[in-house]
Amino acid sequence: MLPEIGQFSLILSLFFALSLALVPLIGYWARNRLLLEMAQPLTLIMSTLVLVSFVILSVAFITDDFSVLYVSQNSNSQLPIWYKFSAVWGGHEGSLLLWVFILSGWCSAVALKVRTLPENVGPVVLAVLGIVSTGFLSFLIFTSSPFVRLLPDIPMDGGDLNPLLQDFGLIVHPPVLYMGYVGFSVAFAFAVTALITGNLNASWARWARPWTACSWAFLTLGITLGSWWAYYELGWGGWWFWDPVENASFMPWLAGTALLHSLAVTEKRGVFKSWTVLLAIFTFSLSLLGAFLVRSGVLTSVHSFAADPTRGIFILVLLIVLVGGSLLLYAIRAAQVKSSVSFGLTGREAWLLLNNILLTVLTLTVLLGTLYPLIFDALDLGKISVGAPYFNSVFTPVALLLIVFMGIGPLSKWHNTPLSVIVGPCLLSMVLSGLLATVLVLWCGFGLLAWVSFTVVFWVVCLSFFDWFSKVSAGSKGIIPRARQLPRNYYGMLLAHLGIVVTLVGIVLVSINSHEAMLRLSPGDSASIAGYEFHFDRLEQIKGPNYVADRAQFTVFKAGDPDPVAVLRPEKRMFTTRQQVMTEAALDAGFTRDLYLSLGEKLDGAAWGVRIYVKSFVRWIWLGGIMMMLGGLLAALDKRYQRRAEE
Amino acid sequence: MRKTLFFIPFVFFLVLGAIFYLQLGKNTQYMPSALVGNKVPDFKLVSLTTDQLVTQNDLPSRPYLINFWGTWCPACHLEHPFLIELADQGIPILGIDYKDNKSRAEQWLAQKGNPYESVLMDEMGHFGVDMGVTGAPETFVVDGSGLIVYRHQGVINTENWPVIKGYLK
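Those sequence lines, one after another, are chains W and F. Just so you know, we're using the working numbering here: the first sequence kicks off at 43 and counts up by one. Just so you know, we're using the working numbering here: the second sequence kicks off at 27 and counts up by one.
Below, the structure written as structure tokens:
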């Protein structure tokens, strides 16, 4: 009975979403206040109904209701309870429900804040979100309902959750990532509202900024989690693979980063108006594109769901209606906007323009690399694949250039920057960072690439410090009171920029200073890699809740030190229900290095193929991600936005 | 002039949409192979069941499938029951046990049934390299005149079988 209620509640929510898409818009054109005011209750009812469906599906998983097809395909009675819950988004149907659930969450958040917006803006924003919701709800209901029943032949037990997904990283990765993806629909809704109402002034940018910063923070964390998960779970020891679906999450991040900066210019100076609107549309479109690539089966990837052509057609139509519609609206409306403010070549506007150009280039680079095989195939030119070499060689120089300018940008002033403000700190930083990098590179014996990267790293750190120092040392008050007066927005930016640099340190060191070895080891053997001694103690058979495993035990010593550094227990798991073998790598995480051990194939006798990595500074990659995320949240929580809410 | 500039994103998107449409429903598992239209490369492999040396001269003269598999390959577990169904329909399948170990392969066939006319051991994967295999499972269709006509990457199932079957003549 419950699953039917879940399905019914979804269908009802579609009706409310449809009304939400229509009623406020009619109210806007008919200038009817009552219809406009309907937007808030309609949103809240729609969201509540989606919540009901989501809870019902979760209950079906937790109570092992295998009469529901989706549950029987993605769960098993032996699955631990937290995986039963996360199995809700383990397949296509449920993850789409999660997507819709998160979308409705963002809609309600906007609805609850709707009073802070002018009375003819808020409802239109909600109506645009209603259109987006209608699209996704109908996709869910018509092509991928998670509530389909298997009656009357109810299976005794389920087919189990894909073992790759039985992991903490996978409990949190999709929801956080979707929070980011879907969150950009709010910025999109503000941009489309600006186009519909013709109010393309600075105000929409001001409203959209905290929402954008918040979704950007979630997307950053989602990508970071995904990278961390791939690192320890896939058993390859890599942290980024330029897989089409990784790219699909990276592109909205790049475009969203550009949007974040461009919104600042539009809000403060009223320039780049039409460009910012276009970026908001792009960012959301790239999120949708990600959904399309994963769910339509046009590209093969480790992330792909089972492909189904009807779903592909449906989501393509959705893409065309939402993206095509908004771009058409843009083409008609944005041409009427005139930017009246001019700015100088050294003004902050110019620096942010440079930021936007470089980020757009980066986004297009990734887009081209991701879609190239597809375009090639569609034109029947054959099959090709674009791999890491393309991305690394095209992406890296532009990204480094961007980071160099990232150091200077914050020093600049709106409209025109006196040269004295920039030249002094830049010269000093250049000398200082060059020296520091030279010392570091010579001391560690690294090459030219490391020197360039570390110069850039120190450059940003020095300039950020100069900038902060010049802000707190001006005036008569002491440094600490002034430092506390600086807005959260500023500290958010500082933190995010330093996060980029921390990630860069991780990327560079892990790629030039890591050691790996593929060895053939039997219990009792030991191997020495990068100053660490790995001793293979023993191998044992263990039994987990839904798998059996071979588990090896290694003790690691640092050369010359009798105390062990770590005991590592990598496993080879055989999941009994799906007959699937999974490698469970063992890790000893450290601030400056990770020891990473994974079991390969069992060779003859007692010998195993063992892969050992010593990865230096790999944690910094994700540490930087977390700093960026916190920076984004700090910016979203700036007091300026809260004050406006109270007014 | 300025006005038309604003249509660029829209037009760009329409082109992209058209490409997506063309690509939808295309068979992403079909893989081109330089071997299509050629004979199976020369080989000398040991049969898993009879321990005899087998060469290209021992290949069947009627149309058949060459299936690369291994006990280490999770997708092969999925594919196996369908191969048994095909064998029951009388379709000859030559199995290549790819980069695998003999005792485990024997155990696998004893447990799950043997759909193969004969199984050859390619322990070092040399034959796989000659055939341009990138992973398992992978299946080649060889026609009655001994020429390779199709290469399929991934699991064979009821959905993609009709396409593969079309080449089997």
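No residue lacks a Cβ here, since even glycine has one placed at the ideal position from N, Cα and C.
Please list the partners that L61/F has in chain W, where partner means a Cβ-to-Cβ separation under 8 angstroms.
Within the second sequence, the letter at position 35 stands for residue 61/F. The premise fails here: L61/F is roughly 15 angstroms from chain W at the closest Cβ pair, so nothing lies under 8 angstroms.
Quick one: give me the first and last residue of the alpha helix (DSSP H) that M88/W is part of.
Sequence index remark: in the first sequence, residue 88/W carries index 46 (1-based). From DSSP, the alpha helix (DSSP H) with M88/W extends over A81 to I104.
Exposed or buried, what is N183/F when buried is set at 16 or more other beta-carbons lying within 10 Å of its beta-carbon?
Reading the second sequence from its first residue, position 157 is the one you call residue 183/F. By the neighbour-count rule (16 or more Cβ atoms within 10 Å), N183/F is not buried but exposed.
Between L540/W, I104/W and G476/W, which has its C-alpha nearest F496/W's C-alpha?
As a first step, residue 496/W must be located in the first sequence, where it is residue number 454. Nearest of L540/W, I104/W and G476/W to F496/W, Cα basis: G476/W.
State buried or exposed for C504/W, treating a residue as buried only when at least 16 other CB atoms are found within 10 Å of its CB.
Sequence index remark: in the first sequence, residue 504/W carries index 462 (1-based). Result: buried.
Expressed to the nearest angstrom, what Euclidean distance is found between the alpha-carbon atoms of M43/W and Y112/W?
Locating residue 43/W in the first sequence gives position 1, where the first residue counts as 1. Locating residue 112/W in the first sequence gives position 70, where the first residue counts as 1. Using only the alpha carbons, I get a separation of about 16 angstroms.
Under 8 angstroms: do the segment 578 to 596 of chain W and the segment 657 to 673 of chain W share three or more Cβ pairs, one atom per stretch?
No, the segment 578 to 596 of chain W does not touch the segment 657 to 673 of chain W.
I119/F bridges to which residues according to DSSP?
Walking along the second sequence from the start, residue 119/F turns up at place 93. For I119/F, which the question treats as bridged, DSSP gives the partners L91/F.
Is it buried or exposed, M535/W, if we count other Cβ atoms within 10 angstroms and call 16 or more buried?
The count along the first sequence starts at 1 and reaches residue 535/W at position 493. Its Cβ being crowded by 16 or more others within 10 Å, M535/W is buried.
Could you round the C-beta distance between F232/W and V167/W to whole angstroms and report it? I think they count as a contact, below 8 angstroms.
Against the first sequence, residue 232/W aligns to sequence position 190. Against the first sequence, residue 167/W aligns to sequence position 125. F232/W to V167/W, Cβ: 6 angstroms. Contact.
Just the chain A side, please: which residues come within less than 9 angstroms of G43/F by C-beta, in chain order?
Judged by its chain identifiers, the structure shown contains no chain A, and its protein chains are W and F.
Rounding to the nearest angstrom, what Cα-Cα distance links P587/W and W249/W in this structure?
As a working mapping, residue 587/W is identified with position 545 in the first sequence. As a working mapping, residue 249/W is identified with position 207 in the first sequence. P587/W and W249/W: Cα-Cα distance of roughly 50 angstroms.
Using the Cα positions of G264/W and A131/F, report the straight-line distance between them to the nearest angstrom.
One-based indexing of the first sequence puts residue 264/W at position 222. One-based indexing of the second sequence puts residue 131/F at position 105. Taking the straight line joining both Cα atoms gives about 41 angstroms.
What does F33/F touch in chain W if you count any residue whose Cβ is under 8 angstroms from its own?
Taking the second sequence and counting its residues from 1, one reaches residue 33/F at position 7. The answer, in chain order, is A373.
For chain W, is any of its Cβ atoms less than 7 angstroms away from the one on F19/F?
The question about residue 19/F has no answer, for chain F in this structure spans 27 to 195.
L637/W lies in the beta strand (DSSP E); which residues open and close that run?
Here residue 637/W refers to the residue found at position 595 when the first sequence is read from its first residue. Segment R635 to K644, the beta strand (DSSP E) holding L637/W.
Going by Cα to Cα distance, which pick from L358/W, W270/W and L361/W is closest to W662/W?
What you label residue 662/W is simply residue 620 of the first sequence in a count that begins at 1. It is W270/W whose Cα lies nearest to the Cα of W662/W.
Which residues in the same chain as K644/W place their Cβ atom closer than 6 angstroms to its Cβ, once the five residues preceding and following it in sequence are excluded?
The residue labelled residue 644/W in the question sits at position 602 within the first sequence. The residues are W650.
Using DSSP bridges, identify the partner residues of D592/W.
Here the question's residue 592/W lines up with position 550 in the first sequence. Answer is Q583/W and K614/W, bridged to D592/W.
Out of K138/F, V41/F and V62/F, which one is the CA nearest neighbour of G158/F?
As a working note, residue 158/F is residue 132 in the second sequence. Of the candidates K138/F, V41/F and V62/F, the one whose C-alpha sits nearest the C-alpha of G158/F is V62/F.
Can you check the segment 162 to 222 of chain W for any alpha helix (DSSP H) of at least 4 residues that lies completely inside it and give the ranges in chain order?
Runs found: 164 to 185.
I need the DSSP call for F70/F, collapsed to helix, strand or coil.
Position 44 of the second sequence, counted from the start, is the residue given in the question as residue 70/F. As written in the sequence, residue 70/F is Lys, which differs from the Phe given in the question. Three-state DSSP puts K70/F in a strand.
For I554/W, report the span of its alpha helix (DSSP H) as first-last.
For this step, residue 554/W is matched to residue 512 along the first sequence. Here the alpha helix (DSSP H) through I554/W covers R530 to I554.
Would you please verify whether the beta carbon of F108/F is less than 7 angstroms from any beta carbon of chain W?
For the purposes of this step, residue 108/F is identified with residue 82 of the second sequence, where counting begins at 1. Closer than 7 angstroms: no.
Beta carbons nearer than 9 angstroms to chain F: which residues of the segment 486 to 501 of chain W have them?
Those would be none; no residue qualifies.
Give the residues of chain W in contact with K29/F, contact being defined as C-beta atoms less than 7 angstroms apart.
Here the question's residue 29/F lines up with position 3 in the second sequence. By Cβ distance, chain W contributes A377.
So what does DSSP say about D285/W, is it helix, strand or coil?
Stepping through the first sequence from its first residue, residue 285/W is reached at position 243. Coil.
With 7 angstroms as the C-beta to C-beta threshold (strictly closer), list the residues of the segment 306 to 331 of chain W near chain F in chain order.
Under the 7 angstroms Cβ criterion, the segment 306 to 331 of chain W contributes L320.
Within a Cβ cutoff of 7 angstroms, which residues of the same chain sit near L78/W, ignoring the five residues on either side of it in sequence?
Counting from 1 along the first sequence, the entry for residue 78/W is found at position 36. If we look at L78/W and ignore the five residues flanking it on each side, its Cβ neighbours are P66, G69, Y70, E161, N162 and P165.
Give the DSSP-derived three-state secondary structure of A153/W in the structure shown.
As a first step, residue 153/W must be located in the first sequence, where it is residue number 111. A153/W: helix per DSSP, three-state reduction.
Q49/F touches chain W at which residues, Cβ-Cβ below 8 angstroms?
To locate residue 49/F, count along the second sequence from 1; it is residue 23. Near Q49/F (Cβ distances below 8 angstroms), the residues of chain W are V340, L416, D419 and A420.
Count the other C-beta atoms from every protein chain shown that fall within 10 angstroms of the C-beta of V344/W, then say buried if there are 16 or more, exposed otherwise.
What you label residue 344/W is simply residue 302 of the first sequence in a count that begins at 1. Here the model assigns V344/W a pLDDT of 48, short of 50, so the residue's position is not dependable, and the following value carries that caveat. It counts as exposed.
Smallest Cα separation from T438/W: which of V494/W, W393/W, G449/W and I98/W?
Stepping through the first sequence from its first residue, residue 438/W is reached at position 396. Per the Cα distances, V494/W.
Verify whether the separation of the beta carbon atoms of F94/F and E164/F is less than 7 angstroms.
For this step, residue 94/F is matched to residue 68 along the second sequence. For this step, residue 164/F is matched to residue 138 along the second sequence. Result yes, Cβ atoms of F94/F and E164/F sit closer than 7 angstroms.
For L561/W, which residues from the same chain have a beta carbon less than 6 angstroms from its beta carbon, with the 5 sequence-adjacent residues on both sides left out?
Numbered from 1 along the first sequence, position 519 holds the residue referred to as residue 561/W. The residues are A569 and V652.
Please check if any C-beta of chain F sits within less than 7 angstroms of the C-beta of W246/W.
What you label residue 246/W is simply residue 204 of the first sequence in a count that begins at 1. For W246/W, the answer is no, since every Cβ of chain F falls outside 7 angstroms of its Cβ.
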